[in-house]
Amino acid sequence: MTEQATGAHHPHPRARNGGQHSASAVEHVTGAQSLIRSLEEVGADTVFGIPGGAILPAYDPMMDSTRVRHILVRHEQGAGHAATGYAQATGKVGVCMATSGPGATNLVTPIADAHMDSVPIVAITGQVAAASIGTDAFQEADICGITMPITKHNFLVTKAEDIPHTIAEAFHIASTGRPGPVLVDIAKDALQAKTTFSWPPQMDLPGYRPVTKPHAKQIREAAKLITQAKRPVLYVGGGVMKAGATAELKVLAELTGAPVTTTLMALGSFPDSHPLHVGMPGMHGAVTAVTALQKADLLIALGTRFDDRVTGKLDSFAPFAKIIHADIDPAEIGKNREVDVPIVGDAREVIADLVQAVQAEHTEGHVGDYSAWWKDLNRWRDTYPLGYDLPEDGTLSPQQVIERIGQAAPEGTIFAAGVGQHQMWASHFIQYEQPSTWLNSGGAGTMGYAVPAAMGAKAGMPDRTVWAIDGDGCFQMTNQELTTCALNNIPIKVAIINNGALGMVRQWQTLFYNQRYSNTVLHNGEGEGGANTGTRVPDFVKLSEAMGCVALRCERPEDLDKVIAEANSINDRPVVVDFIVHEDAMVWPMVAAGTSNDEVMAARGVRPDFGDNEDD
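Shown next as structure tokens:
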């Protein structure tokens with residue numbers, strides 16, 4: 008177990024996977040039937056997977072289930088990312104299934120991805136028969152050993168009677184405390200053996216007691232620091248979203264009047280349009296958010312892990328700030344930054360208690376005065392807003408494409424992004440007003456995440472519009488799942504931001520490698536031309552049509568709104584739009600890797616002038 012906290016646990020409704028039914032009578036079944044019954048009882052309604060020899064016994068009883076929908080993907084990596092997208096969009100546990108050996112190892116990347124971003128998924132894999140384990144049998148891989156560093160916990164099941172309680176434990180571990188991936192590897196003969204089934208099983212998890220209720224003394228100390236501070240910042244991470252604490256966050260922010268910055272994994276946990284929101288921090292964060300953290304005298308860090316992409320050079324991060332750090336996982340507190348007030352607890356309970364404690368401080372006449380702080384913040388916000396220049400040659404601006412998609416999208420649209428420039432532009436130029444409407448691979452930075460994650464989100468939230476914002480590099484890693492979408496009535500929409508290159512790598516080559524573009528051009532054209540020149544290989548329109556999608560192409564700014572409107576009007580099939588964009592667009596602001604956030608550049612070579620600061 009990775010969580011060694013002690014104390015009582017009170018899971019949130021969002022963390023449960025659909026509620027548990029009770030099966031009163033003992034049934035005589037196979038291990039495989041027991042597995043499917045167990046999935047039904049924990050409330051799993053969707054499984055993404057591919058059958059194969061070792062897991063095949065489980066697929067037979069799945070045909071008879073009326074409560075579990077299986078979606079046959081085209082690659083196990085797609086199954087894993089789909090389970091993650093499903094979990095991020097619904098708040099329930101995502102489920103993926105694969106056979107032994109290569110089937111299981113193809114799940115490694117999405118499991119690692121879910122582990123980095125604390126996403127609750129359960130991966131079920133087949134294994135060779137128990138007697139053959141360790142003999143290098145056909146399609147054998149020690150998937151428990153392989154995934155030990157990247158799962159919250161994993162199980163090897165060799166006896167049929169262990170299946171129900173193992174599944175119950177796996178879902179409980181995945182969805183409680185700090186969420187994360189759990190792997191259940193089941194030997195083929197355990198699936199084939201006869202056993203009995205009854206529900207609920209007795210769970211046995213000694214030592215697993217995540218703390219959810221924060222310590223009252225720490226809460227009071229934090230409230231005092233908040234009201235004494237002159238330049239506080241609420242530094243909000245993805246843990247607030249995982250805990251379903253967004254309503255409480257809004258109350259705390261408005262009560263204190265402190266600025267709020269939301270990390271890449273927390274976008275939507277606080278409305279982008281709220282006047283207290285100063286943007287996303289980090290390597291490509293808003294100048295105001297980056298600078299607010301650097302100039303702050305107090306950081307109230309909630310469900311965040313002081314990731315290197317936020318802190319930049321760690322020893323120069325927030326040099327004037329005292330730190331209040333609240334997290335469900337005690338291992339995160341003090342891991343990267345020394346903490347003045349550590350608070351172990353669930354974000355929803357922590358924030359709710361902080362609200363009461365700050366109210367008590369106010370009642371006693373202790374109210375923070377942040378007026379001078381807001382004068383600085385508003386000046387930075389007015390001087391260094393997010394923006395972009397339109398290409399002089401009349402080609403499409405990638406930022407404009409993404410901004411217009413966001414503006415034209417129906418309310419509640421879920422956006423999934425790949426990794427790279429388009430990911431950063433999607434975080435900048437789409438407004439996120441609601442939680443769980445922004446899905447991306449934050450910690451692992453997994454190319455190929457967007458299409459299968461969007462598929463999983465749409466499967467879990469069929470009434471929502473789901474857009475995948477993808478790059479031409481990312482798209483070529485997992486686009487085969489469009490076939491899955493077409494065949495299973497999962498009508499996602501995909502925007503390919505096609506600049507003919509691995510855009511973020513190309514940006515680094517431009518800035519740091521003297522414009523030597525080694526192996527970043529993806530198209531088949533001649534010379535330095537981008538996606539606008541040469542032969543398109545592959546032709547994304549033809550490719551997408553071959554997979555059963557409606558496919559469109561947009562190359563001119565004057566066609567942009569019309570094409571987006573057409574894509575939004577088609578809801579019976581997947582839609583793919585190939586946006587041919589300018590290849591030299593860059594993501595700004597930027598803090599170069601390994602440098603201090605004080606060296607943030609608002610644009611190429613342009614360092615903001617913040618004027619004098621009393622602590623500089």
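Take 8 as the starting number for the sequence shown in our numbering and just add one per residue.
Beta carbons: idealized from backbone N, C-alpha and C, even for Gly.
- Under the three-state reduction of DSSP, His281 is assigned to coil, being neither helix nor strand.
- For Gly413, the CB contacts under 7 Å within the same chain, skipping 5 residues up- and downstream, are Phe436, Ile437 and Gln438 in chain order.
- DSSP places Glu34 within a strand segment (E or B) once states are collapsed to three.
- Contact between the region 418-437 and the region 452-467 is present, with at least three C-beta pairs closer than 8 Å.
- Following the DSSP letters along the chain, one finds Pro349 in no alpha helix (DSSP H) but inside the beta strand (DSSP E) bounded by residues Val348 to Val351.
- With fewer than three CB-CB distances shorter than 8 Å, the region 511-519 does not count as touching the region 538-558.
- Taking the C-beta atoms as reference points, Ile118 is found nearer than 9 Å to Ile157.
- Taken atom to atom, the span from the alpha-carbon of Val33 to that of His160 is near 29 Å.
- Glu552 and Leu494 have their C-alpha atoms some 13 Å from each other.
- Judged by DSSP in its simplified three-state form, Trp595 adopts coil rather than helix or strand.
- Pairing His291 with Ala308 gives a Cβ-Cβ distance that is not under 9 Å.
- Gly478: member of the beta strand (DSSP E) spanning Val473 to Gly478, first to last residue.
- Remark: C-beta atoms of Ala197 and Lys166 approach each other more closely than 9 Å.
- The three-state secondary structure of Leu509, taken from DSSP, is coil.
- Between the C-alpha atoms of Leu567 and Gly214 there is a straight-line separation of about 56 Å.
- DSSP places Pro171 in the helix class (H, G or I) of the three-state scheme.
- Pro398 and Ala592 have their C-alpha atoms spaced approximately 8 Å apart.
- Close CB contacts of Ser125 within its chain, under the 8 Å cut and outside five residues either way in sequence, are with Arg185, Pro186, Gly187, Gly245, Gly246 and Lys249 (chain order).
- Under the DSSP assignment, Phe55 falls in the beta strand (DSSP E) whose first and last residues are Thr53 to Gly56.
- Annotation: the continuous beta strand (DSSP E) that includes Ser205 extends over Lys201 to Trp206.
- Leaving aside the five residues that flank Gly450 on each side, the residues in its chain whose CB is nearer than 6 Å to its CB run, in chain order, Met123 and Asp124.
- Counting the other Cβ atoms within 10 Å of the Cβ of Gly141 gives fewer than 16, which makes it exposed.
- By DSSP's assignment, Asp334 forms a beta bridge with Val351.
- By the neighbour-count criterion, in which 16 or more other beta carbons inside 10 Å mark a residue as buried, Glu440 falls on the exposed side.
- If you draw a straight line from the Cα of Asp149 to the Cα of Ala96, it comes to about 31 Å.
- Counting along the chain, the unbroken alpha helix (DSSP H) around Pro117 starts and ends at Val115 to Met123.
- DSSP places Ala558 within a strand segment (E or B) once states are collapsed to three.
- Between Gly85 and Thr453 the beta-carbon gap is near 12 Å, outside 8 Å, which marks them as no contact.
- The beta carbon of Gly59 sits closer than 6 Å to the beta carbons of Thr106 and Gly110 from its chain, once the five residues preceding and following it are set aside; these are given in chain order.
- In this structure, Val189 and Ala181 form a Cβ contact; the two beta carbons are roughly 5 Å apart against a cut-off of 8 Å.
- For the pair Lys329 and Leu300, the Cα-to-Cα distance works out to about 11 Å.
- Taken through DSSP and simplified to helix, strand or coil, Ile577 comes out as coil.
- Here Thr73 carries a coil assignment [DSSP, helix/strand/coil].
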